[in-house]
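In the working numbering, the protein residues as written are 5 to 828.
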């Protein structure tokens, strides 16, 4: 019926609009006619006044003296066709209307001027004069608009009244029809049917015929699809027999063959000794599809829930399990029936239940929020599984709902691995501590060994140097040379071991200072040229002329590597040639990759031994060590030194043809130093002054005193640090040679106490004499306030150089005059 009301309202509205528009146009026509008539009347009056000579130029009367809403313009054509206006022209009067009036035309004109609706009337007064009058229609237009709206509303109201009267008549007619009245009482909103006792349609709503093609007198069962007549008959028979309403769902087939799901309410109805069934049906296809989709989604959720490797357990607000997935059941080794409705804490180990209670108290109240905890599940077999739980609030209402979700990740293996790792780390830490202790012990041992060996070596080397200067015969001199060279070989071995120790401990340090690479290699060439000549081998040195001379790098380590390579080449080459060749490529204007190659024609190295010879204490084979000697440390240390400087040591070798070792270094070009006059080296002896020698070893006292005597200085000996302090305070010395390791008071402590003196003697130069060759030992000496450092065993040249640096002016005497050659 609501659809009928909507269909009735539309024509009523159209009729109201048509009536109001027609009436509005009629009223507008009447308003315009009245305005034209009024304007024409006023113009006629003005024309009579003009003709009666009442209006002339200079007259006090104006043509609009009585009507302020009408404006006039009277114009005259002169004999020369000029137009003269007798009154000022109003801005809304158009020139074309004036021309039309002068030409003899008469009539009305509608137009807009100055934003207003203007009605104009023009007419000729005589052969020369014409009159134009205008008036504004704005007020008339507004009045017409108000009248039109009022008329539309009145028409709409009247139409509504007629519609209500029509509906009342329709309702009265329907009340007199029993079947339609029954359909109304059944509260039909979708479609309704009235069936006889044999299920024949006796009345129906219009939509039924339109959708299903049913007519009065048709059998209802023809529209059912997917259900047997027995199913439908069972429901309708129940209504007819028992007289009770029945609800059911069914599928109906429309005229196009499409089926849809309907919810049917069948109600018994008795009228005038006849039994009827009123059917009220609603299309629930969308709801049915939604329910099917929801069921499908729920099935997928259940599948995902059970397929998850994570243990999932849902609880209500009381903590009882309402849902559990297969992963959790697998860990618990229980069935779903055994777990459901059980308190969650009963699934935990007894010690973990207290932790669970704390976690339960910390569960957030807001849905979607979560917290985390770790506690173990207890399987039916008694095995414990440690799980990391993410506890999420799903909802906050209903005890039977899934309010809280426990998502647990099995970390049993992870915890076991972590505990094992912690134990392993603890053992590793203990092993590292033991290794550190062993390393410290090794460092202490090496330092002690170095000191203990260097101390007697100081006496051996010092004594041999002194004896070689006493005029011994040739045989004795050869023996002394053997002692001297053997001692230096032993020192080289000690130095190699110390360098290897620094490399292994990661404490090897390299410098970056300016040095002359050509001069460094030239000095090595001069050093090895004579031994090579004596062995019948030619030594060739080539420095590419395009390379710069000065570089930033570590000259000491470079010298050490090349010395070792030249020494090996000389050792393993019996005849032929050894070539020292320097080349390079520039990466940019200042940075180069320098290659220093030592090529020999010696015995060569098998390819399978190339890696082995760079290992510590390893040579190509055991016979090499017996035949040629050596510790097998030189190449190992050289390669580590090369890599510490950012380069590498490379090898190319063929057995029986020789070997080429190439030191590759990244070097940056340095500017040449300023030209300075070089100081003369002292010609020994030639020093003057008074030296305090603090030394506890009797042999070293005698050897060092003799060396100082040869240098020309006066010597006073102190046996320990205490005696040295007393001697400095009481005597007059130019320099102190301080042994570091002494009884009573060592050299470090003695130096610190001397520097703390309040007298001027605290500034006396102090040079350390020590057999400790470790870098940190030298640093300790400098930090204590010493001015220099001379390592044992002492060489007369090193001792003279150190004294020359610290002796005050006047205490140095040289046997040669200053050289004029610049320092390279």
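All residues carry an ideal CB built from backbone N, CA and C; glycine is no exception.
Predicted model only: the values in this text are computed from it and were never measured.
Let me know if residue 325 comes out buried or exposed under the rule of 16 or more other beta-carbons within 10 Å of its beta-carbon.
Buried, since its Cβ has 16 or more Cβ neighbours within 10 Å.
Contact check, residue 563 vs residue 531, beta carbons under 7 angstroms
Annotated as distal: residue 563 and residue 531, with beta-carbon spacing of 7 angstroms or more.
What does residue 217 pair with, by DSSP beta-bridge criteria?
Paired residues: none, contrary to the question.
Is it buried or exposed, residue 682, if we count other Cβ atoms within 10 angstroms and call 16 or more buried?
No answer about residue 682 holds up, because its pLDDT of 43 lies below 50 and its placement is not dependable.
Once DSSP output is grouped into helix, strand and coil, what is the label at residue 578?
Coil.
Mapping DSSP to helix, strand and coil, what is residue 339?
Here residue 339 sits in coil by DSSP.
Member of 147, 484, 249, 457 whose CA lies at the smallest distance from the CA of residue 469:
Comparing Cα positions, the closest option is 484.
Of the choices 701, 429, 414, whose alpha-carbon is the least far from that of residue 745?
Ranked by Cα distance from residue 745, the options 701, 429, 414 are led by 701.
Could you check the C-alpha separation between residue 569 and residue 785 for me, to the nearest Å?
A direct Cα-Cα distance of roughly 33 angstroms separates residue 569 from residue 785.
Along the chain, where does the beta strand (DSSP E) that runs through residue 269 open and close?
Run containing residue 269: 263-275, per the beta strand (DSSP E) assignment.
Do you know offhand how far residue 740's Cα is from residue 770's?
Between the alpha carbons of residue 740 and residue 770 lies a distance of about 5 angstroms.
How would you call residue 170, buried or exposed, if buried means at least 16 neighbouring beta carbons within 10 angstroms?
With a threshold of 16 other beta carbon atoms within 10 Å, residue 170 falls short and is exposed.
Cβ pair count under 8 angstroms reaching 3, the segment 661-675 against the segment 698-712
Short answer: they don't touch.
Entirely enclosed beta strand (DSSP E) segments - the segment 287-365, minimum 3 residues
Given a length threshold of 3 residues, each whole run of the beta strand (DSSP E) inside the segment 287-365 is given here in chain order: 315-319, 325-328.
So the candidates are 384, 382, 383, 365; which of them puts its Cα closest to the Cα of residue 376?
Considering only alpha carbons, the answer is 365.
Mind the definition here: the segment 746-757 touches the segment 713-730 only if three or more C-beta pairs lie below 8 angstroms; say whether that holds.
Proximity of the segment 746-757 to the segment 713-730 meets the contact definition, three or more beta-carbon pairs being nearer than 8 angstroms.
Closest by CA to residue 788, which one among 805, 766, 806?
For residue 788, the closest alpha carbon among the candidates 805, 766, 806 is that of 766.
Can you list, in chain order, the residues of its chain whose CB lies under 7 angstroms from that of residue 213, leaving out five sequence neighbours each side?
Shown here for residue 213: same chain residues with a beta carbon closer than 7 angstroms to its own, the five before and five after excluded, namely 219 in chain order.
Residue 206 lies in the beta strand (DSSP E); which residues open and close that run?
Membership of residue 206 in the beta strand (DSSP E) is indicated by the continuous run 205-208.
Residue 421, buried or exposed, once every other Cβ within 10 Å from all chains shown has been counted against 16:
The residue is exposed, with fewer than 16 neighbouring Cβ atoms inside 10 Å.
Counting along the chain, where does the alpha helix (DSSP H) carrying residue 535 start and finish?
Looking at the DSSP string, the run of the alpha helix (DSSP H) that includes residue 535 is 521-538.
Jot down the residue ranges of each uninterrupted beta strand (DSSP E) in the segment 649-715, minimum 3 residues, whole runs only, in chain order.
When DSSP assignments are scanned along the segment 649-715, the uninterrupted stretches of beta strand (DSSP E) that are 3 or more residues long and fall wholly within it turn out to be 652-658, 662-673, 694-698.
Please report the distance separating the alpha-carbon of residue 282 from that of residue 313.
Residue 282 and residue 313 have their C-alpha atoms spaced approximately 56 angstroms apart.
Cβ shell of residue 694 (< 6 angstroms), same chain only, five flanking positions each side left out
Taking C-beta separations shorter than 6 angstroms and ignoring five residues to either side along the sequence, the partners of residue 694 in its chain run 718, 737, 738, following chain order.
Between the Cα of residue 709 and the Cα atoms of 289, 729, 742, which residue gives the shortest distance?
Checked all of 289, 729, 742; the closest Cα to residue 709 is 742.
Expressed to the nearest angstrom, what Euclidean distance is found between the alpha-carbon atoms of residue 33 and residue 27?
Each residue's Cα considered, the two are about 10 angstroms apart.
Are the CB atoms of residue 643 and residue 665 within a distance shorter than 7 angstroms?
Result no, Cβ atoms of residue 665 and residue 643 do not sit closer than 7 angstroms.
Whose CA, out of 102, 799, 348, lies closest to the CA of residue 410?
Selected option, being the one with the closest Cα: 348.
Environment of residue 209 [buried if 16+ CB atoms lie within 10 Å]
Sixteen is the threshold: when 16 or more other Cβ atoms of the shown chains lie within 10 Å of the Cβ of residue 209, as they do, the residue is buried.
Length of the line joining the Cα atoms of residue 382 and residue 336
Distance from the CA atom of residue 382 to the CA atom of residue 336, rounded to whole angstroms, is 6 angstroms.
Compare the beta carbon distance of residue 804 and residue 792 with 7 angstroms and say whether it is the shorter of the two.
With respect to residue 792, residue 804 sits apart: the two C-beta atoms are not nearer than 7 angstroms.
Decide if the segment 118-133 is in contact with the segment 88-106; the criterion is three or more beta carbon pairs, one per stretch, under 8 angstroms apart.
The segment 118-133 makes contact with the segment 88-106, as at least three CB pairs between them are under 8 angstroms.
Cα separation between residue 303 and residue 309?
Cα to Cα, the separation comes out at about 10 angstroms.
Comparing C-alpha positions only, which one of 521, 752, 757 sits nearest to residue 874?
Because the chain in this structure spans residues 5 to 828, residue 874 falls outside the shown range and cannot be described.
Near residue 155, which residues of its chain fall below 7 angstroms by C-beta distance, leaving aside the five closest residues on each side in sequence?
Answer for residue 155: 24, 27, 28, listed in chain order.
Pick from 603, 330, 457, 235 that is closest to residue 250, judged by C-alpha positions
Minimum Cα distance to residue 250 is reached at 235.
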